[in-house]
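Asker:
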Amino acid sequence: MANLALCTVAMQARADCRAPLNRGMGRSTRATHLSSRNVAQRVFWGKKKEEPAPQAAAPFTDVAEAAPAAAASAPAPAPAAAAAPAPSPAAAAAESNGSQVIEAGEKMIIVEPNGTIIIGGPAAMARAQADAEAVSEEVELDYLAARANGVQKHFGSAMGADDFMQRVEMALFAFGFTGDNSIAMVNLCRDEVTLTLKHRIEDVYGSAFSTNGLGGALTCGVTGMGAGFSHSPLCSSNKERYVFFSFPHISINSKGEVGPMSRPGRPGQSCACGALIKATNEIKSEGLTCNCKIPGVHDALDPEMSILKQRIARRLRHEGYNDNSVKDLTLVDVTKVAERTISDDLEFLISKTVNTDKADYAVITGVQIHNWAYNFEDASPNMEFVAPTSAYVVVNGVKSHIDLTAMPPMTPRQMRLVAGPADVCNQGGQTMLREEEAPYAFDSKDARRAQKDRLQRYLALMKEENLDPSGSGDAPNWQSKIVKGTPERCATADNSTVIDSSFREDAELRKVWELLEQKYKMPAKQA
């Protein structure tokens, strides 16, 4: 009874102090408040502890001050011979954390070292357990929302890639475009990580015709476009249907860093998009004017990169940049300029190749964003985003613009049904996010960790069993059998690249080239 009286006084004092904090508390604030009591709550419910117990501390002042008064009115203690009943496992566990525990009938009162009081009965336990589970759910939602915020800080329209594709599929279905009657014309960067988006497109529209270029530069021309059209199925109205997708890409990793990207099997940081990073750095260091080359020409040794860079440079000049103002450009700025440039190129090629009497088409453009873990091997989920910039259809010659954000995202259950199971699949802000399986044969984090453990076991076993590994590094015995002499076509240097190089070194042609370039270098507009 002494202990009970002691705690009652303390409990009243602390409850008076805490009442204003709890009154009118919102769900988010309450979840944060509850998280400070995780350890004691888990003791109640027998859950496995996921965090270290707090260090024991001296009881709070209220209890110390109330002790003399409570002890004076309390009955005499029981004789020493009478052994106190053994505490319950939950009480013992709580006491081991430095908390004071009082068991009264079906209830247990815990006074934590920091003064927090927890009273547990069947109903209270059920409510607290539900709140604790809500906290757990809130944590994942908060984490995914934070990851989405890190991307949307730079690309406001960004949404999860799976969410994006289901909205596109639903929107285009309303205008008659399906995987059964349409061909997807996909223009992405050549980087293998862009396959994450291409796979999603092909899941809906089947095998796609690729017009990929370095950095997303559209270099296929009218012949490439026509080749894709000729592969399109014919719908019941005897019309063809094309769905154009065009996206440069960028990495914004889990820490919010723009550009760096961790890839499996490589130490340190890689990047995306490497071509756009190179173009950004060179335009900033060399200036804008010298990179505005004559339209239609390129470097024979670096055709796609030279086309990409000069197209971006001419677009920047068109938008009013000059040699000085380009020095302030960021990778995000240049990626957005590249998207506008490539989208304009696509629409120009469409105007030259698509006959709307014979075909309907849809255009979806934007930026693909890789929101992968800072370290590919860590526990952060890899996620993919798309920031759409343009979406429209042309049916029977009539153009209709589409607002993809007007459609709600799928629920987590629907997402798993459509996109497959994933450890992480939940709402992140106003979009749905799902953990990404990177497009590598060696992408599985769990498989790679298991492999490391297995190799460690092998090292121990070789020492324990005294095994001899000699010969393990020898090349396959058929290597020497398949090697042959130099073919005749490789023995002489008379191929077309040598011929092109000889013209490149011609002094007269070089002078004409320089005169043409000087004529084309118009003064840049003042920013």
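Read in UniProt numbering, the sequence shown has 200 at position 200, and its numbers run on one by one without any break.
Here a beta-carbon is modelled for each residue, glycine too, at the ideal position from N, C-alpha and C.
If you draw a straight line from the alpha carbon of N382 to that of G150, how long is it in whole angstroms?
Answerer: 14 Å
Asker: Using CA coordinates, which residue listed in G216, A362 and N371 is at the minimum distance from G397?
Answerer: A362
Asker: Please name the residue in M305, G216 and L331 whose C-alpha comes closest to that of C271.
Answerer: That would be L331, whose Cα lies nearest to the Cα of C271.
Asker: Which runs of the alpha helix (DSSP H) fall wholly inside the region 265–345 and span at least 4 residues, in chain order?
Answerer: 274–286 and 303–318
Asker: Are at least three pairs of beta-carbons, each pair with one atom in the region 368–375 and one in the region 313–326, less than 8 Å apart?
Answerer: no
Asker: Going by DSSP, which residues form a beta bridge with E240?
Answerer: L234 and A359
Asker: Let's see if you can read the secondary structure: which residues bound the alpha helix (DSSP H) around Y205?
Answerer: First-last of the alpha helix (DSSP H) with Y205: L195 to Y205.
Asker: Assuming the contact rule is C-beta atoms closer than 8 Å, F247 and L188 should be a hit. Round their C-beta distance to whole Å, please.
Answerer: 6 Å
Asker: Quick check on E464: buried or exposed, where buried means 16 or more other Cβ atoms within 10 Å of its Cβ?
Answerer: With fewer than 16 Cβ atoms within 10 Å of its Cβ, E464 is classed as exposed.
Asker: With L188 as the anchor, note down where its beta strand (DSSP E) starts and where it stops.
Answerer: I183 to L188 is the extent of the beta strand (DSSP E) around L188.
Asker: DSSP puts P388 in a beta bridge; with which residues?
Answerer: G366
Asker: Suppose the cutoff is 8 Å on Cβ atoms and the five residues either side in sequence are ignored; what does the same chain contact list for I364 look like?
Answerer: V168, V243, F244, F245, S246, P388, S390 and A391
Asker: How far does the beta strand (DSSP E) with S251 in it extend, from its first residue to its last?
Answerer: H249 to S251
Asker: Count the C-beta pairs between the region 448–460 and the region 154–173 that are closer than 8 Å, then say yes if the count reaches three, no if not.
Answerer: no
Asker: Give me the Cβ distance between Q427 and L144, rounded to the nearest whole Å; I'm assuming they're in contact under 8 Å.
Answerer: 7 Å
Asker: Helix, strand or coil for A104 per DSSP?
Answerer: strand
Asker: Output the boundary residues of the beta strand (DSSP E) element that contains L433.
Answerer: T431 to R434 is the extent of the beta strand (DSSP E) around L433.
Asker: What's the call for R449, buried or exposed, on a 16-neighbour Cβ count within 10 Å?
Answerer: So R449 ends up on the exposed side.
Asker: Alpha carbon to alpha carbon, what distance is there between S254 and A74?
Answerer: Summary for A74: the model assigns pLDDT 49, below 50, so the residue's position carries little reliability, and this model does not support an answer.
Asker: Going straight from the alpha carbon of G256 to that of R147, what length do you get?
Answerer: 8 Å
Asker: So, helix, strand or coil for F209, using DSSP?
Answerer: Here F209 sits in strand by DSSP.
Asker: Since S400 is in the alpha helix (DSSP H), which residue starts that stretch and which ends it?
Answerer: In the DSSP annotation of this structure, S400 is not part of any alpha helix (DSSP H); the continuous beta strand (DSSP E) holding it starts and ends at V398 to H401.
Asker: Could you give the distance in angstroms between the alpha-carbon of H298 and the alpha-carbon of D333?
Answerer: 24 Å
Asker: If I follow the unbroken alpha helix (DSSP H) through L224, where does it start and stop?
Answerer: It is worth fixing the name first, because residue 224 is Gly in this sequence and not Leu. Unbroken alpha helix (DSSP H) run through G224: G221 to F229.
Asker: Would T335 and R315 be called neighbours here (beta carbons separated by less than 7 Å)?
Answerer: No, Cβ-Cβ distance for T335 and R315 is not below 7 Å.
Asker: When we look at the beta-carbon of Q414 and count the other beta-carbons within 10 Å, is it buried (16 or more) or exposed?
Answerer: exposed
Asker: Roughly how many angstroms lie between the CA atoms of E112 and L276, to the nearest whole one?
Answerer: The C-alpha of L276 is placed about 56 Å away from the C-alpha of E112.
Asker: Pull up the CB-CB distance for F209 and V386, whole angstroms please, since I reckon it's below 8 Å.
Answerer: About 20 Å; that fails the 8 Å criterion.
Asker: Check each candidate in M261, S232 and I482 and name the one with the smallest Cα separation from K358.
Answerer: S232
Asker: Assuming E517 and K293 make a contact with CB atoms under 8 Å, what is their CB distance in whole Å?
Answerer: 7 Å
Asker: Quick one: give me the first and last residue of the beta strand (DSSP E) that N426 is part of.
Answerer: C425 to G428
Asker: Pick helix, strand or coil for V354, following the three-state DSSP scheme.
Answerer: coil
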